[in-house]
Amino acid sequence: VVVKKDILGKTGRDIPSYLDYQVHISKDAMFNTPPVFPIYACLLTLQHLEKNGGIAAAEQRNNAKAKLLYDEIDRNPLFESFCRPEDRSNMNVSFKLLDESKKEAFDKAWKEAGINGLNGHRNLGGYRASMYNALPIESVQVLVDVMRSI
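Here this note's numbering is used: the first residue of the sequence shown is 20, the next is one more, and so on.
In structure tokens:
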């Protein structure tokens, strides 16, 4: 951390000692062990974002992935989104299969296509596709192809 020493101790309120840089400096050491793995994971994530065009490019990719999947959900009479269009997430798309007689075939098809973790919320049911930054659009296309095959 880079900090001006003259501002230390001037928060005007109590803060936990592990967040108080004045404590770290007075001990001439780290007051606690930093969470190394989460810091490393954050570094890798930021490097991946930077390598792939930055935040603006990630937003464009995420918008394209969400559009691809929501367009299929809206087009296909077998599926319905749990969310109104104005409330939809680009990261986690929740939807339901309207024809329960197709559930077994759909579940088998997405599993055979190598898709994992599509199960929906424990209370809401249905399905949830998580499309985080590192997921390529090709993976979303696999799900859309499965949805079209049912």
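Each residue gets a CB set at the ideal place from its N, CA and C atoms; glycine is no exception.
Just the Cα atoms here: how many angstroms apart are residue i and residue j?
i       : j       : result
Ala-48  : Tyr-59  : 20 Å
Tyr-37  : Thr-64  : 25 Å
Val-55  : Ala-132 : 36 Å
Pro-105 : Arg-94  : Here the sequence assigns Glu to residue 105, which means Pro is not the residue at that position. Near 17 Å, if we compare the C-alpha coordinates of Arg-94 and Glu-105.
His-140 : Ala-128 : 20 Å
Leu-68  : Glu-78  : 10 Å
Cys-102 : Pro-155 : 23 Å
Phe-50  : Thr-30  : 19 Å
Val-22  : Ala-75  : 30 Å
Asp-33  : Pro-57  : 26 Å
Glu-91  : Ser-120 : 20 Å
Leu-143 : Asp-39  : 42 Å
Arg-80  : Pro-53  : 33 Å
Lys-130 : Ser-149 : 15 Å
Ser-45  : Glu-157 : 53 Å
Pro-35  : His-43  : 12 Å
Tell me whether the beta-carbon of residue i lies closer than 7 Å to the beta-carbon of residue j.
i       : j       : result
Ile-134 : Leu-162 : yes
Ile-88  : Val-112 : At residue 88 the sequence reads Leu, which differs from the Ile that was named. Taking 7 Å as the Cβ cut-off, Leu-88 and Val-112 qualify as a contacting pair.
Glu-99  : Lys-115 : yes
Tyr-151 : Leu-137 : no
Lys-84  : Val-159 : yes
Leu-62  : Gln-41  : no
Per DSSP, what are the beta-bridge partners of residue i in this structure?
i       : result
His-140 : Gly-144
Asn-111 : Ser-149
Leu-154 : According to DSSP, which records beta bridges pairwise, Leu-154 is partnered with nothing at all.
Leu-116 : Phe-98
Suppose only complete runs of 3+ residues qualify. What are the beta strand (DSSP E) ranges in the segment 37-101, listed by chain order? If only complete runs of 3 or more residues are kept, the segment 37-101 shows the beta strand (DSSP E) at 98-100, in order along the chain.
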